[in-house]
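Notes to accompany the following structure.
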Amino acid sequence: MAQKEWREKITSKIIATYLSHLQEFPPYRQRHFVYRASLIYQSPQLRQALQQQKEYLRSLIPAFEEYLDDPESKIPYIKQRLKEYRCRKINDRPKLEQWKKLIEVRTHHPYLWLYFYFRRLLKLNKKKWTLRLKSLAQPIHQKILNHPNFVRYAPVTATNIFFLHAYLGILDQRAEYIRLFRKIFQKVSSSDALTLTNYIYGLTHIVIGDSCFYAYWPDRENLAWTIEQFDRDQTPR
54 MAQKEWREKI TSKIIATYLS HLQEFPPYRQ RHFVYRASLI YQSPQLRQAL QQQKEYLRSL
114 IPAFEEYLDD PESKIPYIKQ RLKEYRCRKI NDRPKLEQWK KLIEVRTHHP YLWLYFYFRR
174 LLKLNKKKWT LRLKSLAQPI HQKILNHPNF VRYAPVTATN IFFLHAYLGI LDQRAEYIRL
234 FRKIFQKVSS SDALTLTNYI YGLTHIVIGD SCFYAYWPDR ENLAWTIEQF DRDQTPR
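Residue numbers (my numbering): 54 to 290.
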C-alpha cells in the first residue's frame, strides 16, 4: 500500500471513530474537532456534523452579542463553570487558580473563540463586532502581560488570546507576548514536571497559533526559535 493511501486510510478511521463518539464531548470540543477535521478530510458524516455545528453556532450569536455589550454580565456564568471544572492533569489546579485571578481574561477567551468560528464557519464578519473586540483587547492583553504567572500556569489560554486577536485583525502583540513567554520559560528542567508540561503546551500552541489555527502552514522563519528550544530541551544531559 502506497504511503499516501495508507495515510488517508488511517485518517478516515480516526475521524470516523471520533465522529461515532462525538456526542460524548462537550459542544466546544465537538466544534474544535469537526472544524479541524474538515480542513483535511471530507465525508458525508463529517459534512453533516459540520452543518450541525454551524446551526448550533448561529444559536450562540445572541450570547456573543450580550458579551460584547456587557462583558461583566458573563462573569457569573464563567465562575460557575470554573466551580464545575474537574482537575485531572498536573497543570489543571494551578491553571484554575490563574483563571480565577484574571476572571475577565478567562471570560473573554470562549467568546473570542466564538468570533473565530463565526468568521471561519459562518463567514460572518460584522464591523461592529470587530470594533467592539478591539476596544476590549488592549486591557485584556495588558492584564496578561502584567501577570507572568498567568502565562506560566495558563499558557494555552494566554497564547490563544494573543494569536486569535492577531489572526482576526483585532490587535497584534504577538512579539510582546513571545518575549514574555521566552523569558518565563528560559530555563526548563526535566525534573520540574509542572513547568515542563506548561512549557510544551505553550510552545505547541504558539506553533498552532502561527498556522492561524490550522488554516495555513506555519511560518518556518517565525518559528525557528521554537525548533531551537525543542532541540535544546530534548538533548540528553
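For every residue, glycine included, the Cβ atom is placed at its ideal position computed from N, Cα and C.
Treat the numbers as computed from the prediction; the structure is a model and nothing was measured.
- I214 is a Cβ neighbour of I197, given a cutoff of 8 angstroms.
- Of the candidates I253, L184, S243 and F169, the residue whose Cα lies closest to the Cα of F216 is F169.
- Fully enclosed alpha helix (DSSP H) runs of no fewer than 4 residues occupy 145-154 and 156-173 of the region 130-184, in order along the chain.
- Cβ-Cβ separation between Y81 and N144: approximately 19 angstroms, too far for a contact (criterion under 8 angstroms).
- At least 8 angstroms separates the beta-carbon of L249 from that of V260.
- The C-beta distance from L167 to W152 rounds to 18 angstroms, too long to fall under 8 angstroms, and the pair is not in contact.
- For R273, there is no enclosing alpha helix (DSSP H), as DSSP marks it with neither H nor E.
- F78 carries a coil assignment under DSSP once its states are collapsed to helix, strand and coil.
- Below 8 angstroms, enough C-beta pairs join the region 104-115 and the region 73-91 to call them touching: three or more.
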